[in-house]
Amino acid sequence: MLDEAAVALDESAVRRIVKEEIELAMRKDPAARRASIIASKGTLDWAYPPFILSTAAAAAGLEASIFFTFYGLNLITKGYPERIKVSPTGNPAMPMPVPMADVFAGMPGMKAMATSMMKSMFKGKGVASLQELIDVARETDVRLIACQMTMDVFGFQQSDFIEGVEFGGAAAFLSEARRAHVTLFI
Amino acid sequence: MLDEAAVALDESAVRRIVKEEIELAMRKDPAARRASIIASKGTLDWAYPPFILSTAAAAAGLEASIFFTFYGLNLITKGYPERIKVSPTGNPAMPMPVPMADVFAGMPGMKAMATSMMKSMFKGKGVASLQELIDVARETDVRLIACQMTMDVFGFQQSDFIEGVEFGGAAAFLSEARRAHVTLFI
Amino acid sequence: MLDEAAVALDESAVRRIVKEEIELAMRKDPAARRASIIASKGTLDWAYPPFILSTAAAAAGLEASIFFTFYGLNLITKGYPERIKVSPTGNPAMPMPVPMADVFAGMPGMKAMATSMMKSMFKGKGVASLQELIDVARETDVRLIACQMTMDVFGFQQSDFIEGVEFGGAAAFLSEARRAHVTLFI
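Chains as they are written, first to last, in the numbering used here: chain C, 1 to 186; chain E, 187 to 372; chain Z, 373 to 558.
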């Protein structure tokens, strides 16, 4: 017993151990390993940020998920990568080869033109298409979650969505986001 | 004294206790119990996410607050639930019973039509109206905070706001958000 | 050795120390001292939130950074503070001295009018101009980071940006944001 008593610790030794363990725990802070991203918009331009950020997060070793809600729900419906459009209206800062007044940007045909312009800008620069982003997200285990309330309001069925999509409500998003440092509403 | 020395702990016992306590502390991580949400938009469609997410957070036991700034400030002014509009422009992904070119979406009258369409979609599905969302937020103790700087810029008075609203600046938002895992700008 | 054994700690004493240290560590939680903000929009109205929130964060002692991506990249290009415009389209909640139908908001000239209206509202209330916000951000050591992928897609060169801007990708943003409580996509 005396030998054991000899290795017993006093307060300063205990505090040193505690600080070491806390620093270790903070370094592997589980919230630093999770990214919970909401995709709420359905246009081509705003489709990129949630996919780029979540796949970059997954590539960095984080558990990443995208919660698709409101207009963003469209992004994971079947056939959407072919139908997706960019909206030039209300984006006066979008760089365009030819400057144009906003009223033209609101005319029929302009949306298709802006869409093909952006598609080719991204294509020409080796940036992925929406379909490629979806593929990368699935390959890197980014979880794709469809908002059930929006599905009900807009009349979507589970069969409208691409393969591998999960379904959940705001509570499902929050149960992950409350344990994540990276939480973004896009 | 010998009896006490007999229960003294060696380093491995101390490390075990420390890890237990850290795991407990992490589980009740105070940042996991707080949601700080900014509402910056004043249209009907973008009014839903901050209210739905914050009331869902409150229902899950989190302390939730909405900081209303910029256009979002309107949401908590008196009489706004009756006046609120949805903006169809720039939302090409909004599902519509009848497809329409964006130029029509920008015409006078279309906004009212999109608004009533969305109101009835939400109503028909048992989703709350803005007034009901405000009521639920108040019942679940979601804090509603009006951005003072925006009030000054846009010329709002405290008397313009619904009952129970608090007033604070960006510093007030940050003092909460810096202690919250869920921080969203909507 | 017997004297040392006499101050050795039993389990309840160790647990008390551990809880004290954890509470201290939580109070100086490093994630509470960092704000990682994305600026994705290039109009005058949406330029304010990232600058106001990040400079307020810096003023409160946080390490703050703004990651400029997509349309937001324009905000830190040379000469932009003079060229920046506010977009009235799709903002039906923007308070205006004179109400106007949305179709007028989309006409050429209206954007300039809304811009000058907002500039004078902010000016009249003592709120900073974009140039002043950039100056304050630099004085308070808010880091300004340009998104390299967007630069490539939109054809920006490093020389297009104002002094003091750093360059990085989504991975650079995430390496900071995963250690920050305040993470906002604006």
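For every residue, glycine included, the Cβ atom is placed at its ideal position computed from N, Cα and C.
Quantities reported herein were computed from a predicted structural model and do not represent experimental measurements.
{"Asked": "C-beta neighbour in chain E for Glu21(C), strict 7 Å", "Found": "yes"}
{"Asked": "Per DSSP, cross-strand counterpart(s) of Thr183(C)", "Found": "Ser36(C)"}
{"Asked": "Bounding residues of the beta strand (DSSP E) (the contiguous stretch that carries Arg550(Z))", "Found": "No beta strand (DSSP E) holds Arg550(Z); DSSP gives it neither H nor E."}
{"Asked": "Spatial neighbours of Gln157(C) in its chain, beta-carbon cut-off 8 Å, leaving aside the 5 residues before and after", "Found": "Met151"}
{"Asked": "Whole-angstrom distance between Ala385(Z) and Ala542(Z), CA atom to CA atom", "Found": "46 Å"}
{"Asked": "Beta carbon of Ala35(C) nearer than 7 Å to that of Ala8(C)", "Found": "no"}
{"Asked": "Interface flag, Ile389(Z) vs chain C, CB-CB below 7 Å", "Found": "yes"}
{"Asked": "Sequence-distant residues of the same chain with beta carbon closer than 6 Å to Thr183(C), five excluded per side", "Found": "Ser36, Ala177"}
{"Asked": "Cut-off 8 Å between Cβ atoms - residues of its own chain near Arg201(E), not counting five sequence neighbours on either side", "Found": "none"}
{"Asked": "Cβ-based neighbour list, Ala358(E), same chain, cut-off 7 Å, excluding 5 preceding and 5 following", "Found": "Ile331"}
{"Asked": "Residue environment, Gly247(E), which counts as buried when at least 16 other CB atoms sit within 10 Å", "Found": "exposed"}
{"Asked": "Glu188(C) burial status per 10 Å Cβ neighbour count (16 or more: buried)", "Found": "Residue numbering for chain C in the displayed model covers 1 to 186; residue 188(C) lies beyond these limits and cannot be assessed."}
{"Asked": "With 16 other Cβ atoms within 10 Å as the buried cut-off, status of Pro402(Z)", "Found": "exposed"}
{"Asked": "Rounded C-alpha distance that separates Thr326(E) from Ser251(E)", "Found": "11 Å"}
{"Asked": "Members of the stretch 175-186 of chain C that neighbour chain E once the beta carbon cut-off is set at 9 Å", "Found": "Ser175, Ala177, Arg178, Arg179, Ala180, His181, Thr183, Leu184, Phe185"}
{"Asked": "Closest residue to Arg27(C) among Ala552(Z), Ile506(Z), Leu505(Z) (Cα-Cα distance)", "Found": "Ala552(Z)"}
{"Asked": "Reduced DSSP category for Thr522(Z) - H, G, I as helix; E, B as strand; rest coil", "Found": "helix"}
{"Asked": "C-alpha gap between Val328(E) and Glu249(E), whole angstroms", "Found": "7 Å"}
{"Asked": "Straight-line Cα distance separating Glu163(C) from Glu247(C)", "Found": "Nothing can be reported for residue 247(C), as the shown portion of chain C is limited to 1 through 186."}
{"Asked": "Contact set for Ser412(Z): own chain, Cβ-Cβ below 6 Å, skip 5 residues either direction", "Found": "Thr441, Phe442, Gly444"}
{"Asked": "Any C-beta of chain Z under 7 Å from that of Ala172(C)", "Found": "no"}
{"Asked": "Which residues DSSP lists as bridging Thr77(C), in chain order", "Found": "Phe161(C)"}
{"Asked": "Spatial distance of Phe526(Z) from Gly354(E) (CA atoms)", "Found": "38 Å"}
{"Asked": "Outcome for Gly79(C) when other beta-carbon atoms lying within 10 angstroms are tallied against a minimum of 16", "Found": "exposed"}
{"Asked": "Residues near Val165(C) in its chain [Cβ-Cβ closer than 6 Å; skip 5 each side]", "Found": "Ile76, Leu144, Ala146"}
{"Asked": "Sheet register partners of Ala250(E) (DSSP bridge)", "Found": "Ala221(E)"}
{"Asked": "Burial state of Ser426(Z) (16 or more Cβ within 10 Å)", "Found": "buried"}
{"Asked": "Contacts of Glu11(C) in chain Z (Cβ-Cβ under 8 Å)", "Found": "Val379, Leu381, Ala385, Ile389"}
{"Asked": "Backbone CA spacing between Arg138(C) and Trp232(E) [nearest angstrom]", "Found": "29 Å"}
{"Asked": "Pairwise C-alpha distance: Ala404(Z) and Leu360(E)", "Found": "10 Å"}
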